[in-house]
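> Quick one: structure below, then a few questions.
Residue numbers (the working numbering): 4 to 202.
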């Protein structure tokens, strides 16, 4: 229970490892990614104000976010990192994926509606968006921001395993990147832009 408190990832003079933890409330101040890591377990940030970058860089680093969790910096994904959005929420973050392994941005929980807001951007080479790893059900994703496959890769950015996908923003494939809406997306509506620039 971190309600009304501030927890710094460098508080303990060594690596802070989130391993099957629900952090509830308050502020999480992230310093260097050398100061903290996430396991592949059932980590949850519940109504947490993350000051700084949220980095899921270790192999299979995993966390879910819910109930108004916000990130002031950039979410960085690598090494099969998984970030799950649980429940209905709007996200206005920068999310960057790097490396040769697939990262995942998932929608978790029955009847959840996740909106990538107008200030949200998702960029990378190998990202799966939509499918749940923890809590399934009928799930919806609305993009009002930018989803960009901006690195050459045959896997690319893939929307998959979701009941409804609506694009009100921009989906683009640039500089050899690849965007895919997989057959496991039951309903896809495009009200926005789909840009192809050498992708």
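Built from N, CA and C at the ideal position, the CB exists for glycine as well.
Please read all numbers here as calculations on a predicted model, not as lab measurements.
Restricting to Cα atoms, I'd like to know which of 59, 26, 28, 92 is closest to residue 42.
When only C-alpha atoms are compared, the closest one is 59.
> Taking C-alpha atoms, which residue in 93, 139, 68 lies nearest to residue 123?
The option with the nearest alpha carbon to residue 123 is 93.
> Mapping the DSSP letters down to three states, classify residue 189 as helix, strand or coil.
It is a strand residue.
> Taking the straight line between their C-alpha atoms, what separation do you get for residue 27 and residue 9?
Approximately 11 Å between the Cα atoms of the pair.
> Identify which residue in 128, 98, 133 has its Cα closest to the Cα of residue 117.
The option with the nearest alpha carbon to residue 117 is 133.
> Throw me the rounded Cβ distance for the residue 66 and residue 47 pair, which I believe falls under 8 Å.
So it is a contact: roughly 7 Å between Cβ atoms.
> Less than 7 Å between the beta carbons of residue 172 and residue 147, yes or no?
Yes, these two residues count as a Cβ contact at 7 Å.
> What residue range does the beta strand (DSSP E) around residue 97 cover?
Per DSSP, residue 97 belongs to the beta strand (DSSP E) from 97-100.
> Whose CA, out of 179, 164, 195, lies closest to the CA of residue 185?
Ranking 179, 164, 195 by Cα distance to residue 185 puts 164 first.
> Buried or exposed for residue 78, going by 16 or more other Cβ atoms inside 10 Å?
The residue in question, residue 78, is buried, as its Cβ has 16 or more Cβ neighbours within 10 Å.
> Flag this pair as yes or no: are the beta carbons of residue 106 and residue 144 separated by less than 7 Å?
It is not a contact, given that the beta carbons lie outside the stated cut-off.
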